[in-house]
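Structure first, commentary second.
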Amino acid sequence: EFTSESRPGPAELVELAVNVLRAAATSAGVPAEDVERQVAETLAYLRRRLSGDYVVDEFGFDEDYTVNVHLPLLRPLYKKWFRVEVRGIENIPDDGGALVVGNHSGTVAMDSLMTQVAVYDEHPKNRHLRMLGADLVFQMPFIGTMARRSGTTLAANTDAERLLAGGSLVGVWPEGFKGVGKPFSERYKLQRFGRGGFVSAALRAGVPIVPVSIVGAEEIYPILGNMPAVARLLGLPYAPITPTFPLLGPLGMVPLPSKWLIEFGPPIETTSFGPEAADDPMLVFDLTDQVRETIQQTLYSLLMQRKSVFL
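This note's numbering puts the last residue of the sequence shown at 1170; the count rises by one with no breaks.
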């Protein structure tokens, strides 16, 4: 029993916790140095949060939270569950604005999150991908707050242009809910890319467009049907029926462990057109179609190369 004189202080408790973790790591075959480094980083992060020593930009992006909480939470899925293989990361510029445009699928926007991890972890400059999200994302109390903190911004042309002009790497998935909510029978068939608002933003900011093709997300929650009455009740664009949901209840929300391939294509430059080209509907349509066709053809190629859905 501790007395007031013998009760350990915060420093002693931390040292005790580190010793326990070091012993557990040694028995599990994990280098003790890795555990000590992680503990030190966690303590430093908590110290910054408690003291308010962190920066949040005008869009709500909190880099400290993103690097120390958001990305580490996603990495087990990225590395162990989906075993993501990334190609063409050199097509992401080292600095300056660029618009990353990808195909959307998988019932939930897991593809955008895995792309965010890929850009930060695989790019030599550890760049942050500032994603554009639908209104629904920000209407969800907890999810909306976390999305904004990790760099997601409302999908509005004005915000996209400001981010791009400021040198940010911006990610957009133009298929929207039509892409993530499509039936499994239409897997890897791109839906309409809207009116090309993303192309207009890139043209006005004078930044390149980097197409990204993602294989693997279609299989994590294969949509076999829809429950429109439930969707209307919950205010959602769709309520999917998958092989495991709602049959297995909460367990059906665990994504299937498909093998992922993410390929960033060569950038499509826009500077030669000038910002006034954003007001030319035919040019915007042609560039939109070029981006869409590039992604679609790359998807076909990746599917041919993939040995198995789950291996």
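All C-beta atoms, glycine included, are put in the ideal place defined by N, C-alpha and C. Nothing here was measured: the structure is a model prediction, and the numbers come from that model.
Q: Could you round the C-beta distance between Ala-1024 and Ala-1064 to whole angstroms and report it? I think they count as a contact, below 8 Å.
A: 5 Å
Q: Kindly indicate which three-state DSSP category Thr-1011 falls into: helix, strand or coil?
A: coil
(Q) What does the alpha-carbon distance come out to for the pair Pro-1116 and Asp-916? (A) 35 Å
Q.
DSSP three-state label for Val-1069, please.
A. Three-state result, Val-1069: strand.
**Q.** Arg-1051, DSSP secondary structure in three states
**A.** coil
Q.
Tell me which residue opens and which closes the beta strand (DSSP E) that Phe-1123 is part of.
A. 1120-1123
Q.
Across the stretch 930-942 and the stretch 1101-1121, are there enough close Cβ pairs to call them in contact, namely three or more that are closer than 8 Å?
A. yes
Q.
Suppose you measure from the CA of Glu-1152 to the CA of Val-960; what does that come to, to the nearest Å?
A. 12 Å
Q) Count the other CB atoms within 10 Å of the CB of Met-969; is the residue buried (16 or more) or exposed (fewer)? A) buried
Q) If you draw a straight line from the C-alpha of Phe-997 to the C-alpha of Thr-1012, how long is it? A) Taking the straight line from one Cα to the other gives about 9 Å.
**Q.** Residue ranges of each beta strand (DSSP E) within the stretch 902-962, 3 or longer
**A.** 944-946, 957-961
(Q) Please state the DSSP three-state secondary structure of Arg-989. (A) strand
Q) Could you check where the beta strand (DSSP E) with Val-1031 kicks off and where it finishes? A) 1028-1031
Q: With Met-1141 as the anchor, note down where its alpha helix (DSSP H) starts and where it stops.
A: 1140-1164
Q | Val-976 in three-state terms, based on DSSP | A | helix
Q: Please name the residue, chosen from Leu-1107, Ser-1160, Glu-1034, Ile-1100, that lies closest to Val-1089 on a Cα-to-Cα basis.
A: Ile-1100
**Q.** For Leu-1093, the first and last residue of its enclosing alpha helix (DSSP H)
**A.** Start and end: 1087-1093.
Q) Just to confirm, are Leu-958 and Ile-1068 a CB contact at a threshold of 7 Å? A) yes
Q) Looking at C-beta atoms only, is the number of pairs between the stretch 1131-1138 and the stretch 1023-1041 that lie closer than 8 Å three or more? A) Contact fails: fewer than three Cβ-Cβ distances are below 8 Å.
**Q.** Residue from Ile-1082, Met-1086, Ser-1160 with nearest C-alpha to Pro-1183
**A.** Past the edges of the chain, shown from 860 to 1170, lies residue 1183, and the structure says nothing about it.
(Q) If you reduce the DSSP assignment to three classes, tell me which class Val-879 lands in. (A) DSSP places Val-879 in helix when its eight states are reduced to three.
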